[in-house]
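Asker: Sharing a structure, written as structure tokens. Questions coming.
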Amino acid sequence: MRKVLIVNGPNLNMLGRREPTIYGSDSLAEVERQLTSIAPELGVELQFFQSNHEGAIIDAIHSTFGEFAGIVINPGAFTHYSYAIRDALAAVKVPFIEIHISNVHARETFRHASVLAALAVGQISGLGIYGYELALRGLLRSIEAS
Ligand code: CA2
């Protein structure tokens, strides 16, 4: 069965515990539960990975090479400046969707730019944690069409 890696970057382990007005009140475990519940209907095996460390995220991206059909990634603040994560995604050439819970374009200027988005199949921003499901569905549709 095709496998998809769901990657969450720095501070997303705090989901549901702080800043509910920006990120909602659901935890990362709830995000994982919701995605796990739709995986059988989508015919996909999911693996979940969260880290606050850039190198660990890069290692996780490398692990997808030849093993995973795609990646859904919320890179957190690394979105805005990590050329190392960009290089990792470019190296493995595994299709990915970038997802943000908040609308990054309605926030501080530094959040408007993504150094990853140009390599992505697409980007989702501002739809709360529902964005993860949309990202997964969109990724699979894109893989099927390719
Ligand atoms: O909107 C998103 O999903 C972000 O990727 C979240 C990142 C932020 O740096 C990006 O600009 C946009 C921050 C994640 C912090 O997550 C927290 C969740 C709850 C409480 C505190 C932080």
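Under my numbering, read the sequence shown as residues 278 to 423, first letter to last.
Glycine included, each C-beta is placed from N, C-alpha and C at the ideal position.
Exposed or buried, what is threonine 386 when buried is set at 16 or more other beta-carbons lying within 10 Å of its beta-carbon?
Answerer: exposed
Asker: Considering just the uninterrupted stretch of the beta strand (DSSP E) at leucine 282, what are its terminal residues?
Answerer: 280 to 285
Asker: I'd like the span of the beta strand (DSSP E) that includes serine 402, first residue to last.
Answerer: Note, serine 402: beta strand (DSSP E), 399 to 402.
Asker: To the nearest whole angstrom, what separates the beta carbons of glycine 301 and isoleucine 378, a pair I think is in contact under 8 Å?
Answerer: 7 Å
Asker: Taking DSSP as the reference, what is the three-state secondary structure of valine 349?
Answerer: strand
Asker: Return the CA-CA distance between serine 359 and alanine 367, expressed in angstroms with no decimal places.
Answerer: 13 Å
Asker: Apart from the five residues just before and just after isoleucine 401, which ones in its own chain have a Cβ nearer than 6 Å to its Cβ?
Answerer: Ile376, Gly408, Leu411, Ala412
Asker: With a floor of 4 residues, list each alpha helix (DSSP H) that falls wholly inside the segment 351 to 402, ordered by position along the chain.
Answerer: 360 to 369
Asker: In the DSSP assignment, what residue or residues form a beta bridge with glutamate 344?
Answerer: Note: glutamate 344 sits in no beta bridge, so no partner.
Asker: Please classify arginine 294 as buried or exposed, where buried requires at least 16 neighbouring CB atoms within 10 angstroms.
Answerer: exposed
Asker: Are glycine 353 and asparagine 288 closer than 7 Å when you measure CB to CB?
Answerer: yes
Asker: Taking all protein chains shown into account, decide if threonine 356 is buried (16 or more other Cβ within 10 angstroms of its Cβ) or exposed.
Answerer: Under a 10 Å Cβ-count criterion, threonine 356 is classified as buried, with 16 or more other Cβ atoms of the shown protein chains found around its own Cβ.
Asker: Excluding sequence positions up to five away, which residues of its chain have a Cβ less than 6 Å from the Cβ of arginine 279?
Answerer: Val321, Ala346
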